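J.: One structure is given below, represented as structure tokens, and several questions about it will come after.
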Amino acid sequence: GELLILNGPNLNLLGTREPAIYGSATLDDVAGLVTSAANAAGFSAVCIQSNHEGELVDAIHAARGTAVGIIINAGAYTHTSVAIRDAIAAVELPAVEVHISNVHKREEFRHHSYLSAVVDAVIVGAGIHGYAMAVSYLDNVLA
Ligand code: DQA
Numbered sequence: 017g018e019l020l021i022l023n024g025p026n027l028n029l030l031g032t033r034e035p036a037i038y039g040s041a042t043l044d045d046v047a048g049l050v051t052s053a054a055n056a057a058g059f060s061a062v063c064i065q066s067n068h069e070g071e072l073v074d075a076i077h078a079a080r081g082t083a084v085g086i087i088i089n090a091g092a093y094t095h096t097s098v099a100i101r102d103a104i105a106a107v108e109l110p111a112v113e114v115h116i117s118n119v120h121k122r123e124e125f126r127h128h129s130y131l132s133a134v135v136d137a138v139i140v141g142a143g144i145h146g147y148a149m150a151v152s153y154l155d156n157v158l159a
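What the sequence shown shows, in the UniProt record's numbering, is residues 17 to 159, in sequence order.
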């Protein structure tokens with residue numbers, strides 16, 4: 017089966033963006049890591065990044081019927097987007113929310129996620145390894 021890995025706004029800048037918070041790995045490094053983890057578990061991986069809320073919604077819709085699970089780091093939309101939440105709820109696929117940084121150590125506005133209540137698992141603060149942890153979770157629940 018296929019795993020959809022979705023990254024939201026500003027994650028294209030990984031590696032140069034606030035490295036003290038997000039580290040020095042790039043989005044390509046994330047794609048490499050998550051693809052290896054997925055392949056090792058017998059999944060294929062499709063990695064999509066977008067800075068646009070509607071494109072993320074469209075990608076979630078398109079996952080219905082093609083993907084067996086979703087891993088999403090919605091970036092700042094995590095804290096604002098009812099539309100992305102509703103899309104995840106609509107497609108009824110196993111889904112994991114990932115945040116590279118520990119959002120709970122940071123500003124108050126990052127403590128609430130619109131997505132957490134509609135995903136199966138949330139991985140926060142594990143750095144980019146969180147994406148591999150998400151693959152491991154999906155491998156377990158889909159086995
Ligand atoms: C993030 C945390 C969000 O608060 C922030 O807006 C991001 C990245 C993370 O991976 O730690 O863009 O989702």
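For every residue, glycine included, the Cβ atom is placed at its ideal position computed from N, Cα and C.
These numbers were taken from a predicted model, which means no experiment stands behind them.
In the DSSP assignment, find the beta strand (DSSP E) that holds A47 and state where it starts and stops.
T.: Where A47 is concerned, there is no enclosing beta strand (DSSP E), although the alpha helix (DSSP H) it sits in stretches over L43 to A56.
J.: Report the three-state DSSP secondary structure of I116 (helix, strand or coil).
T.: Here I116 sits in coil by DSSP.
J.: Regarding S60 and ligand 1, is the C-beta to nearest heavy atom distance less than 8 Å?
T.: Here the distance from the Cβ of S60 to the nearest heavy atom of ligand 1 is not below 8 Å.
J.: Would you mind reading off the limits of the beta strand (DSSP E) that contains V62?
T.: Counting along the chain, the beta strand (DSSP E) containing V62 begins and ends at S60 to Q65.
J.: Kindly say whether L22, judged by its beta-carbon, lies nearer than 9 Å to any beta-carbon of chain C.
T.: As a matter of chain content, chain C is missing from the structure shown, which is built from one protein chain.
J.: Comparing alpha-carbon positions, which option in V151, A56, Y147 and P110 lies nearest V46?
T.: Y147
J.: Specify whether the region 20–29 and the region 57–67 touch according to this definition: at least 3 beta carbon pairs, one from each stretch, less than 8 Å apart.
T.: yes
J.: With 16 other CB atoms within 10 Å as the buried threshold, where does L29 fall?
T.: exposed
J.: Give me, in chain order, the residues of the same chain whose beta-carbon lies closer than 7 Å to that of I37; leave out the 5 immediate sequence neighbours on both sides.
T.: Taken in chain order, the residues that qualify are S117.
J.: May I ask you to list the residues that DSSP assigns as paired with N23?
T.: Q65 and N89
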